[in-house]
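Take any residue in the sequence shown, note its place counting from 1, add 134, and you have its number in the working numbering. Virtual Cβ for every residue (Gly too), placed ideally from N, Cα, C. The block underneath contains the structure these notes are about, expressed in structure tokens.
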Amino acid sequence: MNFRQITHGVLVATLLSSCAVNVPQGTPPPGVTVDLVPNGRYARRVHRPMRPTYITIHATENYARGCGAYAHAQMLKTGSLKGRHNAIGYIGWHFTVDDHSIYQSLPTNERGEHADYDGQGNRSSIGIEMCENRGNDRARTLDKTARLAAWLMKEYDIPLSHVVPHQHWLMVRHDDHRNLGHKNCPHFLMEHGRPGAKWQAFLNKIAAYRRGL
């Protein structure tokens with residue numbers, strides 16, 4: 135994801151999009167604080183059931199101090215993150231991870247707006263955002279994200295090949311059908327805008343945690 139600062143310190147998402155049958159939400163993953171967007175509001179304004187078959191990994195690109203997992207969960211919960219070009223007018227993803235906490239904002243059986251507008255990334259994937267705020271430990275964030283992804287793989291029978299970076303999905307806007315291409319996200323795991331050795335090392339970590347479950 136990419137954020138920019140606007141008036142009075144409000145952070146608004148500038149480039150993201152649209153995560154579709156119904157499966158149970160299930161037990162929350164260990165160590166996760168469930169703090170959902172209110173039903174019928176903002177990113178849950180329209181009920182859109184989803185059967186997750188992918189996991190999409192993002193990075194917030196929000197470097198402001200204090201903008202960890204809790205802060206992003208509050209942005210989602212209060213409708214602060216607008217999606218001008220998507221189908222519902224708001225951004226929404228399922229989990230936000232920093233170096234010490236994980237917050238869940240959407241049920242895993244509901245679609246989000248985080249990957250590719252009307253594409254399969256939103257229709258069938260659980261979105262996980264990794265925080266990048268100043269002072270946040272990236273290695274610990276990656277480790278917590280890998281553990282979360284492994285748990286979700288087991289819970290929903292998702293293969294490792296379906297754990298993908300945001301870059302995997304082609305972004306075509308909902309309203310004007312403008313093709314935005316593939317986003318360099320999560321940027322610190324991409325190489326020249328594509329998955330490479332760093333992404334593979336991250337997948338290897340996820341696979342190791344999955345074997346231990």
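Checklist line | C-alpha gap between N220 and S258, whole angstroms | finding: Cα to Cα, the separation comes out at about 16 Å.
Notebook entry, point to check: Would you report the Cα separation of G223 and H308, rounded to the nearest angstrom?
Noted result: 10 Å
Item checked: CB contact below 7 Å: T212 versus chain C -> Looking for chain C here will not work: only one protein chain is present.
Notebook entry, point to check: Curious, which full-length beta strand (DSSP E) runs of at least 3 residues does the stretch 166-229 contain?
Noted result: 166-168, 188-193
Next item on the list: For the alpha helix (DSSP H) holding Q334, just list the boundary residues, first then last.
Entry: 331-345
Next item on the list: Go through its chain and collect everything with a Cβ distance to R274's Cβ below 6 Å, but skip five positions before and after it.
Entry: These residues qualify, in order along the chain: D233.
Next item on the list: Just tell me which of L240, M305, G200, C201 has its CA closest to the CA of P183.
Entry: L240
Item checked: Pick from N243, H321, T230, E247 that is closest to P186, judged by C-alpha positions -> N243
Margin query: Going by DSSP in three states, N270 sits in which element: helix, strand or coil?
Written below: coil
Notebook entry, point to check: Distance, Cα to Cα, E247 vs D169?
Noted result: 17 Å
Notebook entry, point to check: Is Y176 buried or exposed, if buried means 16 or more other CB atoms sit within 10 Å of its CB?
Noted result: buried
Notebook entry, point to check: Alpha carbon to alpha carbon, how far is R312 from L304?
Noted result: 11 Å
Next item on the list: Count the other CB atoms, across all protein chains shown, that sit within 10 Å of the CB of V180; report buried if there are 16 or more and exposed otherwise.
Entry: exposed
Check: Which of the three DSSP states, helix, strand or coil, is assigned to G255?
Finding: Looking at G255 - three-state DSSP - the assignment turns out to be helix.
Next item on the list: Work out the CA separation of A193 and V166 for me, nearest whole Å.
Entry: 18 Å
Notebook entry, point to check: Got a sec? Which residues, its chain only, sit under 8 Å from R268 by beta carbon, not counting five neighbours each side?
Noted result: The residues are Y197, A198, R199.
Note to self: Please state whether the Cβ-Cβ distance between G261 and H228 is less than 7 Å.
What the structure shows: yes
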